[in-house]
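Colleague: Numbering (my numbering), first residue to last: 947 to 1184. Using N, Cα and C, we set each Cβ at its ideal position, and we do this for glycine too. Encoded as structure tokens, here's the structure I'll be asking about.
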């Protein structure tokens, strides 16, 4: 499993690096591939991520101690915090972009990239530290987040323009590998891993809904439905 997780981590990095050259992907008008990717990501959130969040909630209930001992739903609160945090970040970036009427300034850019660096590190870390039931579980994690990374890259490129290709994509490419390396050489407590997973779940939900469910006029519902149905069937029969 370690070798497979390394292979997937390297593949994540390659995807981040190479999306710049994927000429078949268009944001406006939205390509069918992005709509298909949206279907996969939404299916992953509702069929895989939410049940897993409940599993991690049970882990936190058993490890109930410390400053959160009076809170019943630790995992769900962390997921809510992750969603709210990334919503606030995206709102700030959007306002800055509108103010400058082009791309966000350098300060906002580094805040945005720094946050997604941590986001990608968590994804890389959980790739090796998350207890997948079997190899197919890890593969489905990789597949859903691969198409999600493509969408995130396109959004970042649209927001920050040439600066993202010059600096941002390199940072996000490295972040996944850094997260995997940390996971390979350190082992955190199960409760802390569950907390990290919950935070990532909330952030992922927000990013999926924001990026992969655009206005109807900008997307292909048929492509979205095909991606959602195919991936849902794969998850259910695995």
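(1) For residue 1087 versus residue 1068, is the C-beta spacing smaller than 9 Å?
(2) Express the C-alpha separation of residue 1168 and residue 1028 in angstroms, rounding to a whole number.
(3) For residue 960, count neighbouring C-beta atoms within 10 Å of its own C-beta (all shown protein chains included) and say buried if the count is 16 or more, exposed if not.
(4) To the nearest angstrom, how far is the alpha carbon of residue 1099 from that of residue 1055?
(5) Please confirm if the stretch 950-958 is in contact with the stretch 1112-1128, defined as three or more CB-CB distances below 8 Å between the two stretches.
(6) Between the Cα of residue 1037 and the Cα atoms of 1058, 1024 and 1023, which residue gives the shortest distance?
(7) With respect to the alpha helix (DSSP H) encompassing residue 1097, which residues constitute its N-terminal and C-terminal limits?
(8) Less than 9 Å separating the beta-carbons of residue 1096 and residue 1170?
(9) Thinking C-beta only, is residue 962 closer than 9 Å to residue 1141?
(10) Measure how close the beta-carbons of residue 1148 and residue 1024 come, nearest whole angstrom, since I'm counting them as under 8 Å.
(11) Tell me which same chain residues have a C-beta within less than 8 Å of the C-beta of residue 998, skipping the five on either side of it?
(12) Flag residue 1041 as yes when its Cβ comes closer than 8 Å to any non-hydrogen atom of the ligand SAM, and as no otherwise.
(13) Taking just the CA atoms, how far does residue 983 sit from residue 1112?
(14) Under 9 Å, do residue 1182 and residue 986 count as touching if we go by C-beta distance?
(15) If you reduce the DSSP assignment to three classes, tell me which class residue 1250 lands in.
(16) Excluding five sequence neighbours on each side, which residues of the same chain lie with their C-beta closer than 8 Å to the C-beta of residue 1016?
(17) Express the C-alpha separation of residue 1175 and residue 1108 in angstroms, rounding to a whole number.
(18) With C-beta atoms as the reference, is residue 988 less than 9 Å away from residue 1154?
(19) Would you call residue 1166 buried or exposed, if buried means 16 or more other Cβ atoms sit within 10 Å of its Cβ?
(20) For the alpha helix (DSSP H) containing residue 1132, name the first residue and the last one.
(21) With residue 1171 as the anchor, note down where its alpha helix (DSSP H) starts and where it stops.
(22) Mind checking residue 964: buried by the 16 CB within 10 Å criterion, or exposed?
(23) From the DSSP output, in three-state form, read off residue 977 for me.
Modeller: Checking against the coordinates, here is how it stands:
(1) To locate residue 1087, count along the chain shown from 1; it is residue 141. To locate residue 1068, count along the chain shown from 1; it is residue 122. No; because the gap between Cβ atoms is not below 9 Å, this pair is not in contact.
(2) If you number the chain shown from 1, residue 1028 lands on position 82. If you number the chain shown from 1, residue 1168 lands on position 222. Each residue's Cα considered, the two are about 30 Å apart.
(3) Numbered from 1 along the chain shown, position 14 holds the residue referred to as residue 960. Result: exposed.
(4) By 1-based counting over the chain shown, the position of residue 1099 is 153. By 1-based counting over the chain shown, the position of residue 1055 is 109. C-alpha separation (whole angstroms): 14 Å.
(5) yes
(6) As a position in the chain shown, residue 1037 is number 91, starting the count at 1. The residue with the shortest Cα to Cα distance from residue 1037 is 1058.
(7) Here the question's residue 1097 lines up with position 151 in the chain shown. Residues 1081-1106.
(8) Taking the first residue of the chain shown as 1, we reach residue 1096 at position 150. Taking the first residue of the chain shown as 1, we reach residue 1170 at position 224. No, the Cβ-Cβ distance between residue 1096 and residue 1170 is not below 9 Å.
(9) Locating residue 1141 in the chain shown gives position 195, counting from the first residue. Locating residue 962 in the chain shown gives position 16, counting from the first residue. No, the Cβ-Cβ distance between residue 1141 and residue 962 is not below 9 Å.
(10) The sequence position of residue 1148 within the chain shown is 202, counting from 1. The sequence position of residue 1024 within the chain shown is 78, counting from 1. Yes, they are in contact, since the Cβ atoms of residue 1148 and residue 1024 sit about 7 Å apart, within 8 Å.
(11) The residue labelled residue 998 in the question sits at position 52 within the chain shown. The answer, listed in chain order, is 1143 and 1147.
(12) In terms of ligand content, the structure shown is empty, and the ligand SAM therefore cannot be addressed.
(13) Working through the chain shown from its first residue, we reach residue 1112 at position 166. Working through the chain shown from its first residue, we reach residue 983 at position 37. Approximately 25 Å between the Cα atoms of the pair.
(14) As a first step, residue 1182 is located in the chain shown; it is residue number 236 there, counting from the start. As a first step, residue 986 is located in the chain shown; it is residue number 40 there, counting from the start. No. Outside cutoff.
(15) Residue 1250 lies beyond the residue range present for the chain, which begins at 947 and ends at 1184; the question has no answer from this structure.
(16) In the chain shown, counting from the first residue as 1, residue 1016 sits at position 70. Any reading at residue 1016 is ruled out, since the residue's pLDDT is 49, under 50, leaving its predicted position unreliable.
(17) The sequence position of residue 1108 within the chain shown is 162, counting from 1. The sequence position of residue 1175 within the chain shown is 229, counting from 1. Going by the C-alpha atoms only, they are around 36 Å apart.
(18) By 1-based counting over the chain shown, the position of residue 988 is 42. By 1-based counting over the chain shown, the position of residue 1154 is 208. Yes.
(19) Counting from 1 along the chain shown, the entry for residue 1166 is found at position 220. With 16 or more other Cβ atoms within 10 Å, it is buried.
(20) In the chain shown, the residue the question calls residue 1132 occupies position 186. First-last for residue 1132: undefined, no H or E at that position.
(21) Sequence index remark: in the chain shown, residue 1171 carries index 225 (1-based). Run containing residue 1171: 1167-1183, per the alpha helix (DSSP H) assignment.
(22) Walking along the chain shown from the start, residue 964 turns up at place 18. By the neighbour-count rule (16 or more Cβ atoms within 10 Å), residue 964 is not buried but exposed.
(23) Locating residue 977 in the chain shown gives position 31, where the first residue counts as 1. Here residue 977 sits in coil by DSSP.
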